[in-house]
Structures are given as C-alpha cells and as structure tokens.
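Since the structure comes first, as structure tokens, the remarks are kept for the end.
There are 2 protein chains.
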Amino acid sequence: MARPSEFDRDEAIASAIRVFARHGYEAASTSALIEGMGIGRQSLYGAFGDKRRLFLEALRRYADGSLDGMAAALARPGRASEAIEAALLAGLGSADELESGCLGVGSIVEFSRSDPDVNAVNDAAAAQVLAAFAARVKDGVASGEFAADLDAQAAARMLLTLRSGLKVAARGGAGEDELREAARLAMRGLGRV
Amino acid sequence: MARPSEFDRDEAIASAIRVFARHGYEAASTSALIEGMGIGRQSLYGAFGDKRRLFLEALRRYADGSLDGMAAALARPGRASEAIEAALLAGLGSADELESGCLGVGSIVEFSRSDPDVNAVNDAAAAQVLAAFAARVKDGVASGEFAADLDAQAAARMLLTLRSGLKVAARGGAGEDELREAARLAMRGLGRV
DNA sequence: CAGGTTATGGACCGATCAGTCCATAACAAG
DNA sequence: CTTGTTATGGACTGATCGGTCCATAACCTG
Numbered sequence: 001m002a003r004p005s006e007f008d009r010d011e012a013i014a015s016a017i018r019v020f021a022r023h024g025y026e027a028a029s030t031s032a033l034i035e036g037m038g039i040g041r042q043s044l045y046g047a048f049g050d051k052r053r054l055f056l057e058a059l060r061r062y063a064d065g066s067l068d069g070m071a072a073a074l075a076r077p078g079r080a081s082e083a084i085e086a087a088l089l090a091g092l093g094s095a096d097e098l099e100s101g102c103l104g105v106g107s108i109v110e111f112s113r114s115d116p117d118v119n120a121v122n123d124a125a126a127a128q129v130l131a132a133f134a135a136r137v138k139d140g141v142a143s144g145e146f147a148a149d150l151d152a153q154a155a156a157r158m159l160l161t162l163r164s165g166l167k168v169a170a171r172g173g174a175g176e177d178e179l180r181e182a183a184r185l186a187m188r189g190l191g192r193v
Numbered sequence: 001m002a003r004p005s006e007f008d009r010d011e012a013i014a015s016a017i018r019v020f021a022r023h024g025y026e027a028a029s030t031s032a033l034i035e036g037m038g039i040g041r042q043s044l045y046g047a048f049g050d051k052r053r054l055f056l057e058a059l060r061r062y063a064d065g066s067l068d069g070m071a072a073a074l075a076r077p078g079r080a081s082e083a084i085e086a087a088l089l090a091g092l093g094s095a096d097e098l099e100s101g102c103l104g105v106g107s108i109v110e111f112s113r114s115d116p117d118v119n120a121v122n123d124a125a126a127a128q129v130l131a132a133f134a135a136r137v138k139d140g141v142a143s144g145e146f147a148a149d150l151d152a153q154a155a156a157r158m159l160l161t162l163r164s165g166l167k168v169a170a171r172g173g174a175g176e177d178e179l180r181e182a183a184r185l186a187m188r189g190l191g192r193v
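Line by line, the protein sequences are chains A and B. Here the first sequence is numbered in the working numbering, starting from 1 and rising by one per residue. Here the second sequence is numbered in the working numbering, starting from 1 and rising by one per residue.
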C-alpha cells in the first residue's frame, strides 16, 4: 500500500538506548540520535513522534531487557545465593557500563520523580525486579540457605538498592571482581554467616 | 583598590551545587545558574571562569562537604555498626535528594570516566571515604563486633557501593525507613549475625 | 504501467545554548 | 575630589537545540 521503512524499528530503538544511556536524556541531541540510529531526521519524527516519546519507548524496552536478564539469572538451579549473585551482576560487564551506562539508573538520577511517565516505567520495572528477588529469597529461606526470620520483601529491596550501587560503581570504573566481592559481602547479610 | 564583589562566593557556589545537582551538568543552563546563584552573567564568568570550571569547583566543594558529614557520623562513639549506619544515611533525608540529588553520583552517571578532571575529584573523594569506612570497620573487628576474618578494605568498598545505591534509591523516592532497613540488612554481612 | 500512500532527505524555523563586548557603576588609594 | 581598578548588567555573538515543511523517492495495489 505504501513505501516500507528502510530501517528495522527494533534495531533503531536498540541504538537509541545506547545514545540515551551514554549521554542522558537532555544531553542526547536529536542529531546524535539520528546519527547513532542510522536513520534520517524525518524518519525519527515519523516513526517515534518526538525525542521524549522515543526516550520513553527506549526506557520501556531497556527495562524489559534488563528484567529478562535478571529473571534468567534468578531462574538458574542450585543455590539461591548464587542465582541472586548472578542476577545482581547481570549485564554489568563493566566495559559496557563505561560505554553506555544503565538507562534505568540514569533516568532516576536525571529525572528523580519529576516525570510521571518515567516514574510509571521505573516503578513497574522495580516492582517486577522486587517480586523476582523476593521469590528467590523465599526459596533460599525455605531451603535453609538464608536466615529463617528473613523478611523477603525487605531483602528484595536491599538487593535492588545494592544493584543500583553496583551499576554506579561499574559506571565509575570498578572492575568485575570488585563488584562481585561487594555483592557477596552484602549478601552475607541474608543468612546465617 | 577596586570595587568589591556584591555576592558571597561561598553562597554562590552552594547555590550552583544545588542547580547542578538538580539538573546535571549538561542540562544546567548558564541562565539557570545565574538565576539560582542570584548573580549577573558577567559576574559568573568573571568570578568562576566558565561553566565547566564552576562545575569542577562545585563538585570539589560538594565532595568536601559530603566527606565532612560522613566523617562526623563515623566519629561518633559507641558501636561501629551504628556509626557506619549513620554515615551511610548521612545527608540522605530523602526530601533533599528528591530536590537536588547527589552531585557525586550524578557526575559519575553523567560522565562515567570520560573527564579526567571529574575523575580526579571523584577518585580522591572515594579514596577518603574508603579510608574512613575501613578504619571504623577495623574498630568493629577489633571490638569483636564484626567477623574476625573480615577484610576491612573489601568491606569499605561494599559500603561505598551500598551508599551509592542508597542515594539512587533516595533520588527515586524511597523513604528514610526503607533506606535504613536496606542499610542494616546489607551491614549484617559484616558480622557474626 | 498508473495511482495512491508512505518514507526519506535537506532546507528551514524560532528558541536557546555558552560565552563575549562594552558602557557604566562602585569602590580604594592618593 | 580625582584617578585607577574591578564589578555589574544588558545587548549581542555564532552555534546548536528540538521540531517542521516540502519536494521527491520508493513501494503496494489495482
């Protein structure tokens, strides 16, 4: 019926995620987005509306991908502590983080609570991560790996907070070994040492 | 010998810290800085050079103040765990964090390792915070409060990472109770539960 | 091949960006 | 009070910002 797009929408958004995560929302110029996404100016506005809507779509997609990675790590069999450690470190190969950073943490730091649409995405993502953490923590409690009186919700909140800190540390140049060591040390708080 | 300044340099920088912490470096326009600092455009450039140098001076000053607050908390007598908890939460009354955010975490998220001058300030600040944490951790080990085989340097790195996460959580709207609970849970990893 | 529809690229828009220029104001030293 | 020096405010700069307009290209349907 009409001329088809010359670019792949998913790839374009993946590229937009990289640009936004590297520079932040405000500092990511539309020209940088166009260049990074490999599409024309009019195509960006035609396909995504405007910079803000593109950002929200990128943020949603990033949150989905990040959640998938963590869920996969948490689903691994074996000790709960190992699964949780893997989830804490998922996607934190520090080279990537230096290049691009975490769009979720970046958006929280940049927007705080000022943008309702950003809040909605981040709140929904946080709720899912918390639920996934809490479930695996409960496993660990049931198996006797963690302390019997452990509050799974509180533990999940601590783990999410810890993960934010690990992302900041990775963005600041910390190596994978340091990150793992910090994660392990904090996780010792979950259980019978 | 000449006309004196009409503004107080310290107050002006304190205001600049607020503007930079709220918006980030790139998104803080010179007009916003001028308005927030309550000085004229020419005064800003005359007294501080340019936006970048003003930012570096603000970042240095913020790091100094933040370090002072943590050192004061760590110096309190009594149990090491209480002093460390106070240091972790120092300056994190979440209302402030929602308004302004942490300039240190903000600069790491925005610049990663791309700016040598920013790196220098943040690296120096991190080294001091790590040393202060490690010293108090050693106290706790010596007094039997923490596990005897605890690596104080590793513990300090974990605590710094945790603090970054707490700042992100506060910026994202977490209440003081949640922050304290997360801090306590992670700190349980330091000791004999 | 023809007609309808959408995608594309480049020129273009007013607004705002960081930073400069300059005339004037306000002070200290003589 | 005069003179030298610095601080101040407002006008101004070229560059870049996010976003729009429009002519043209490329495709699908008939």
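A virtual CB, placed ideally from N, CA and C, is assigned to each residue, including glycine.
What ranges does the beta strand (DSSP E) occupy inside the region 109–143 of chain B, keeping only unbroken runs of at least 3 residues that lie completely in it? With a minimum length of 3 residues, no continuous beta strand (DSSP E) run stays inside the region 109–143 of chain B.
Apart from the five residues just before and just after A/Val196, which ones in its own chain have a Cβ nearer than 6 Å to its Cβ? For residue 196 of chain A there is no data in the structure shown, the boundaries of chain A being 1 and 193.
Proximal residues of chain B, C-beta to C-beta of A/Ala154 below 7 Å: Along the first sequence, read from residue 1 onward, the residue named residue 154 of chain A stands at position 154. Those within 7 Å of A/Ala154 in chain B are Glu181, Leu185.
Taking A/Ala154 as the reference, which of A/Ala131, A/Arg171, A/Glu145 has the closest Cα? On the first sequence, position 154 is the one that residue 154 of chain A refers to. Ranking the options by Cα distance to A/Ala154, first place goes to A/Ala131.
Other residues of its chain near B/Asp177: CB distance less than 8 Å, five sequence neighbours each side excluded: Sequence index remark: in the second sequence, residue 177 of chain B carries index 177 (1-based). Around B/Asp177: no qualifying Cβ.
Among the candidates B/Val137, B/Ile108, B/Arg9, whose CA atom is the shortest distance from the CA of B/Ala125? For the purposes of this step, residue 125 of chain B is taken as residue 125 along the second sequence, with counting starting at 1. Taking only the C-alpha atoms, the option nearest B/Ala125 is B/Ile108.
Which residues, taken in chain order from the region 141–166 of chain A, show a beta carbon closer than 8 Å to some beta carbon of chain B? Taking 8 Å as the Cβ-Cβ cut-off against chain B, the residues of the region 141–166 of chain A that qualify are Ala147, Ala154, Ala155, Arg157, Met158, Leu160, Thr161, Leu162, Arg163, Ser164, Gly165, Leu166.
Rounded C-alpha distance that separates A/Ile39 from A/Ser100: As a working mapping, residue 39 of chain A is identified with position 39 in the first sequence. As a working mapping, residue 100 of chain A is identified with position 100 in the first sequence. Taking the straight line from one Cα to the other gives about 20 Å.
Contact the region 7–18 of chain A vs the region 89–96 of chain A: 3+ CB pairs below 8 Å: Counting C-beta pairs with one atom in each stretch, the region 7–18 of chain A and the region 89–96 of chain A have fewer than three that are closer than 8 Å, which means they do not touch.
If I measure Cβ to Cβ from A/Phe111 and keep anything under 6 Å in the same chain, skipping five residues before and after, which residues do I get? Locating residue 111 of chain A in the first sequence gives position 111, where the first residue counts as 1. Excluding the 5 residues flanking it on each side, A/Phe111 has same chain C-beta neighbours closer than 6 Å at Val118, in chain order.
Is the region 23–30 of chain B in contact with the region 31–47 of chain A, if contact means three or more CB pairs nearer than 8 Å? The region 23–30 of chain B makes no contact with the region 31–47 of chain A, as fewer than three CB pairs between them are under 8 Å.
Could you check whether the region 179–189 of chain B touches the region 171–191 of chain A, counting it as contact only if at least three pairs of C-beta atoms, one from each stretch, sit closer than 8 Å? At 8 Å Cβ cutoff, the stretches touch.
Counting Cβ pairs, one atom from each stretch, are 3 or more of them under 8 Å apart for the region 68–77 of chain A and the region 13–21 of chain A? No contact exists between the region 68–77 of chain A and the region 13–21 of chain A.
For the candidate residues A/Lys138, A/Val129, A/Ala120, A/Leu179, whose alpha-carbon lies nearest to that of A/Ala72? Working through the first sequence from its first residue, we reach residue 72 of chain A at position 72. Residue A/Val129 holds the alpha-carbon nearest to the alpha-carbon of A/Ala72 among A/Lys138, A/Val129, A/Ala120, A/Leu179.
Where B/Ala27 falls: helix, strand or coil (DSSP): Residue 27 of chain B sits at position 27 when you count from the first residue of the second sequence. Residue state, collapsed to three classes: coil.
Should A/Met158 be labelled buried (16 or more other beta-carbon atoms within 10 Å of its own) or exposed? Looking up residue 158 of chain A in the first sequence gives position 158. Answer is buried; the Cβ neighbour count reaches 16.
Which whole-angstrom value is the C-beta distance of A/Arg171 and A/Glu97, which I expect to be below 8 Å? Within the first sequence, residue 171 of chain A is the residue found at index 171, counting from 1. Within the first sequence, residue 97 of chain A is the residue found at index 97, counting from 1. Confirmed, Cβ separation roughly 5 Å.
Give a yes or no on whether 9 Å exceeds the smallest Cβ distance from B/Phe20 to chain A. Mapped onto the second sequence, residue 20 of chain B falls at position 20. Answer no: the Cβ-Cβ gap between B/Phe20 and chain A never drops below 9 Å.
So, helix, strand or coil for A/Met1, using DSSP? As a first step, residue 1 of chain A is located in the first sequence; it is residue number 1 there, counting from the start. DSSP places A/Met1 outside both helix and strand once states are collapsed to three, so it counts as coil.
CB of A/Ala156 within 9 Å of CB of A/Ala134, strictly: Counting from one through the first sequence, the residue named residue 156 of chain A turns up at place 156. Counting from one through the first sequence, the residue named residue 134 of chain A turns up at place 134. Taking C-beta atoms as the reference points, A/Ala156 and A/Ala134 count as a pair closer than 9 Å.
Could you check whether the Cβ of A/Leu194 sits closer than 9 Å to any Cβ belonging to chain B? The structure shown does not extend to residue 194 of chain A, since chain A is modelled only from 1 through 193, so no value can be given for it.
Give me, in chain order, the residues of the same chain whose beta-carbon lies closer than 6 Å to that of A/Tyr167; leave out the 5 immediate sequence neighbours on both sides. Locating residue 167 of chain A in the first sequence gives position 167, where the first residue counts as 1. Per the sequence presented here, residue 167 of chain A reads as Lys, with Tyr not at that position. Excluding residues within five positions, the ones whose Cβ falls inside 6 Å are Cys102, Val105.
List the residues of chain B that A/Glu178 touches, going by C-beta distances under 9 Å, in chain order. Counting from one through the first sequence, the residue named residue 178 of chain A turns up at place 178. For A/Glu178, the residues of chain B that pass the 9 Å Cβ criterion are Ala154, Arg157, Thr161, in the order they occur in the chain.
Can you have a look at A/Arg136 and say buried or exposed, based on whether 16 or more other CB atoms are within 10 angstroms of its CB? Against the first sequence, residue 136 of chain A aligns to sequence position 136. Taking all protein chains in view, the Cβ of A/Arg136 is crowded by 16 or more other Cβ atoms within 10 Å, so the residue is classified as buried.
Can you list, in chain order, the residues of its chain with a C-beta nearer than 8 Å to that of A/Ala169? Leave out the 5 residues immediately preceding and following it. By 1-based counting over the first sequence, the position of residue 169 of chain A is 169. Taken in chain order, the residues that qualify are Glu178, Leu179, Ala182.
Along the region 12–39 of chain A, what residues have a CB closer than 7 Å to any CB found in chain B? Of all residues in the region 12–39 of chain A, Gly24, Glu26, Ala27 have a Cβ within less than 7 Å of some Cβ in chain B.
What is the residue span of the alpha helix (DSSP H) that B/Ser43 lies within? Looking up residue 43 of chain B in the second sequence gives position 43. Residues 41–48.
Buried or exposed: where does B/Ala174 fall if 16 or more other Cβ atoms within 10 Å of its Cβ makes it buried? Looking up residue 174 of chain B in the second sequence gives position 174. Buried, since its Cβ has 16 or more Cβ neighbours within 10 Å.
9 Å is my cut-off, CB to CB: does A/Ser112 come that close to chain B? Numbered from its first residue, the first sequence carries residue 112 of chain A at position 112. Output row for A/Ser112: interface = yes.
If we define contact as Cβ-Cβ less than 9 Å, is B/Val109 a contact residue for chain A? Counting from 1 along the second sequence, the entry for residue 109 of chain B is found at position 109. For B/Val109, a Cβ of chain A is located within less than 9 Å of the residue's own Cβ.
Of the residues that make up the region 68–89 of chain A, which ones have a beta carbon closer than 7 Å to any beta carbon in chain B? Within the region 68–89 of chain A, no residue has a Cβ that lies closer than 7 Å to any Cβ of chain B.
Just the C-alpha distance for B/Ala86 and A/Ser43, rounded to the nearest angstrom, thanks. Translated into the one-based positions of the second sequence, residue 86 of chain B becomes position 86. Translated into the one-based positions of the first sequence, residue 43 of chain A becomes position 43. The alpha-carbon atoms of B/Ala86 and A/Ser43 are separated by roughly 52 Å.
Is it true that the CB of A/Ala80 sits closer than 9 Å to the CB of A/Asp139? The sequence position of residue 139 of chain A within the first sequence is 139, counting from 1. The sequence position of residue 80 of chain A within the first sequence is 80, counting from 1. In this structure, A/Ala80 lies closer than 9 Å to A/Asp139 by Cβ.
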